[in-house]
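A short write-up of the structure that comes next.
Protein chains: 2
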Amino acid sequence: MRYGPEQAEKTKERVVKIAAAQMRKRGPEQVGVADVMNRAGLTHGGFYAHFASKDDLIAAAVHRMFEEAQDMFRGATEDKERHEALRSYINAYVSKSHRDRPERGCAIAALSSDIHRQGRKARAAYDKGIASLLGKITALLPEQEGVDRRALAVSMMAEMTGAVAAARAVSDTALSDEILASARRSLRARAGLPPSQPERQSR
Amino acid sequence: MRYGPEQAEKTKERVVKIAAAQMRKRGPEQVGVADVMNRAGLTHGGFYAHFASKDDLIAAAVHRMFEEAQDMFRGATEDKERHEALRSYINAYVSKSHRDRPERGCAIAALSSDIHRQGRKARAAYDKGIASLLGKITALLPEQEGVDRRALAVSMMAEMTGAVAAARAVSDTALSDEILASARRSLRARAGLPPSQPERQSR
DNA sequence: AGCATTATATGATGTTCGTCATATAAAACG
DNA sequence: CGTTTTATATGACGAACATCATATAATGCT
Chain A
0 MRYGPEQAEK TKERVVKIAA AQMRKRGPEQ VGVADVMNRA GLTHGGFYAH FASKDDLIAA
60 AVHRMFEEAQ DMFRGATEDK ERHEALRSYI NAYVSKSHRD RPERGCAIAA LSSDIHRQGR
120 KARAAYDKGI ASLLGKITAL LPEQEGVDRR ALAVSMMAEM TGAVAAARAV SDTALSDEIL
180 ASARRSLRAR AGLPPSQPER QSR
Chain B
0 MRYGPEQAEK TKERVVKIAA AQMRKRGPEQ VGVADVMNRA GLTHGGFYAH FASKDDLIAA
60 AVHRMFEEAQ DMFRGATEDK ERHEALRSYI NAYVSKSHRD RPERGCAIAA LSSDIHRQGR
120 KARAAYDKGI ASLLGKITAL LPEQEGVDRR ALAVSMMAEM TGAVAAARAV SDTALSDEIL
180 ASARRSLRAR AGLPPSQPER QSR
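Read top to bottom, the protein sequences are chains A and B. Quick note on numbering: the first sequence equals residues 0 to 202 in numbering that gives the first Met the number 0. Quick note on numbering: the second sequence equals residues 0 to 202 in numbering that gives the first Met the number 0.
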């Protein structure tokens with residue numbers, strides 16, 4: 000044990016990463032401390048050398064989820080002109096692959112009904128993540144007369160996260176696919192994107 | 000004990016009602032069998048005279064949530080002309096009072112990230128509830144040329160549930176209120192309702 | 001009146017949980 | 001080389017959990 004002075008940092012990062020994945024997949028309360036530590040190749044007792052409590056771990060995990068979301072956003076939008084960036088982000092977000100991989104996906108959709116039972120720090124991290132995403136979507140929206148871009152961004156974010164959450168919740172595959180397809184088309188139209196591109200199936 | 004032959008039926012109904020409220024508030028997994036029974040004035044052991052398992056209780060609770068949702072829908076829409084019914088339903092759903100009382104509210108918003116971890120029966124009840132609601136929203140939408148009412152209903156449901164879930168998740172009150180207000184305005188416009196009614200504050 | 005039925009209660013089982021006190025052993029430092 | 005520091009391990013604590021076997025007592029039927 001103890002393989003270097005900054006090994007602890009690496010270990011902690013690994014634990015948080017695993018926790019972030021597991022908690023998106025199974026919910027923060029369903030993920031046990033011992034489970035996370037075992038997945039990191041450790042035993043449960045050492046946990047409290049890194050975190051003050053499980054609530055602390057949850058807060059750190061939520062923070063990391065939004066870091067990963069930033070990467071996803073950047074990957075979909077960078078080096079693209081605004082219209083194309085917006086289309087790319089919508090297609091990536093409201094997609095089957097996002098629906099089918101909650102452990103790698105957006106925290107807002109994954110934790111929508113879990114987060115309000117969590118501690119102060121986890122909720123603060125969530126707030127910050129939402130605010131940041133809203134800012135980015137607003138900035139991508141085209142300016143049009145009579146359109147409040149900020150309000151449109153809020154409304155679109157609700158539809159995006161609601162559609163992915165609903166598509167995950169539903170067990171009928173056809174209905175789930177329909178939810179994604181309808182939301183995707185509606186979102187593109189509301190974003191002011193030309194309607195009938197060759198309808199790519201984003202999987 | 001045993002106060003009559005149909006007393007058991009009453010008791011079961013009471014247990015399911017309590018479970019439906021608690022599970023919307025705290026999540027199905029966070030609600031213990033003993034907790035529900037105690038709230039019903041009983042002890043935990045008798046539980047298995049009424050239900051085969053906790054999963055069974057969850058399924059029954061989800062079923063009941065959608066029954067209550069039907070009542071809410073009917074209450075907001077009955078005896079109203081289509082436009083007015085639609086406006087009334089949107090205002091009631093995307094409201095502060097709905098946000099602040101998840102235990103009495105819509106199962107879709109309350110369980111969006113919980114339900115996909117549940118058993119077959121609970122998920123089937125959820126599917127049925129979503130399908131039924133979608134049918135009702137579709138029927139209320141005005142017919143317009145070039146508008147797929149069903150697709151619009153799906154997209155609007157995603158925005159409604161996403162907005163309420165996000166408004167609950169966020170701890171910043173101002174942001175939470177903004178989410179509701181933006182979604183409400185957007186939904187009314189998308190439903191084809193005249194834009195600037197005297198903006199009632201639905202609480 | 002007495003017997004069978006059944007709704008609820010008591011209490012136990014074995015798990016899993018978060019937390020913590022303590023032990024170990026390797027690295028860093030003198 | 002020896003001492004201190006510290007990352008991880010071991011093991012235990014009490015609480016909560018779902019489940020079930022059994023007990024109790026009141027009802028409905030004969």
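Cβ atoms here follow ideal geometry from the backbone N, Cα and C, with glycine treated the same way.
A:Ala162 belongs to the set of residues whose beta carbon lies under 9 Å from a beta carbon in chain B. In the three-state DSSP reduction, B:Lys79 falls in the coil class, being neither helix nor strand. By the beta-carbon neighbour count (other beta carbons within 10 angstroms, threshold 16), A:His97 is buried. Contact of A:Tyr47 with chain B is not assigned, every C-beta pair being separated by 9 Å or more. Put simply, the CB of A:Ala180 is near chain B, with a gap under 9 Å to one of its CB atoms.
A:Asp34 places its beta carbon 9 Å or farther from that of B:Gly26. Following the DSSP letters along the chain, one finds A:Ile114 in no alpha helix (DSSP H), marked with neither H nor E. Taken through DSSP and simplified to helix, strand or coil, A:Ser185 comes out as helix.
A check of alpha carbon separations from B:Ile129 across A:Ile178, A:Val153, A:Gly45 and A:Arg119 identifies A:Ile178 as the nearest.
Cβ-Cβ separation between B:Ala19 and B:Arg73: approximately 18 Å, too far for a contact (criterion under 8 Å). Distance from the Cα of A:Lys16 is smallest, within the candidate group A:Glu67, A:Arg149, A:Arg183 and A:Glu142, for A:Glu67. With respect to the 9 Å criterion, A:Leu151 and A:Leu85 are not classified as neighbours on the basis of their beta carbons. DSSP, reduced to helix, strand and coil, places A:Ala121 within a helical segment of the structure shown. With respect to B:Arg81, B:Leu139 sits close: the two C-beta atoms are nearer than 9 Å. Note on geometry: alpha-carbon atoms of B:Asp78 and A:Thr76 lie some 48 Å from one another.
Residue environment for B:Tyr47: exposed (fewer than 16 other C-beta atoms within 10 angstroms of its C-beta). In the structure shown, A:Gly161 adopts helical secondary structure according to DSSP, grouped into three states.
With respect to A:Leu132, A:Val61 sits apart: the two C-beta atoms are not nearer than 9 Å. Contact with chain A is absent for B:Gly31, since none of that chain's Cβ atoms lies less than 9 Å from the residue's Cβ. Taking 9 Å as the cut-off between beta carbons, the residues of the stretch 110-138 of chain B near chain A are Leu110, Ser111, Ser112, Asp113, Ile114, His115, Arg116, Arg119, Arg122, Ala123, Tyr125, Asp126, Ile129, Ala130 and Leu133, in sequence order. In this structure, the beta-carbon distance from A:Ala157 to B:Glu158 falls below 9 Å. For the options B:Arg23, B:Lys9 and B:Ala166, the alpha carbon positioned closest to that of B:Leu41 is the one of B:Lys9. Only exposed fits A:Gln143, as fewer than 16 other CB atoms lie within 10 angstroms of its CB. Using beta-carbon distances, B:Glu67 does not count as an interface residue toward chain A, since no partner is under 9 Å.
In this structure A:Ala182 is in contact with B:Val153, their Cβ atoms being roughly 7 Å apart against a cut-off of 8 Å. Note on geometry: alpha-carbon atoms of A:Thr160 and B:Gln6 lie some 44 Å from one another. For A:Ser94, not one C-beta of chain B is nearer than 9 Å to its own C-beta. If you draw a straight line from the Cα of A:Arg149 to the Cα of B:Gly118, it comes to about 39 Å.
Residues of chain B with a Cβ closer than 7 Å to the Cβ of A:Leu192 do not exist; the shortest Cβ-Cβ separation is about 15 Å. Rounded to whole angstroms, B:Ser185 and A:Glu28 show a C-alpha spacing of 34 Å. Around A:Ala164, the same chain offers Ala108 and Ser111 as residues with beta carbons nearer than 7 Å, after the five sequence neighbours per side are excluded. Annotation note: the stretch 1-78 of chain A contains the following uninterrupted alpha helix (DSSP H) runs of length 4 or greater, listed N- to C-terminal: 6-25, 32-38, 46-49 and 53-76.
Around the Cβ of A:His43, a 10 Å sphere holds fewer than 16 other Cβ atoms; the residue is exposed. Ranked by how close their Cα comes to the Cα of A:Ala162, the residues A:Arg116, A:Gly45, A:Arg100 and A:Val93 have A:Val93 in first place. Taking B:Gly45 as reference, the option from B:Thr137, B:Asp55, B:Ala121 and B:Val32 with the minimal CA-CA separation is B:Val32.
About 7 Å separates the Cβ atoms of B:Asp54 and B:Ala121, confirming a contact at the 8 Å cut-off.
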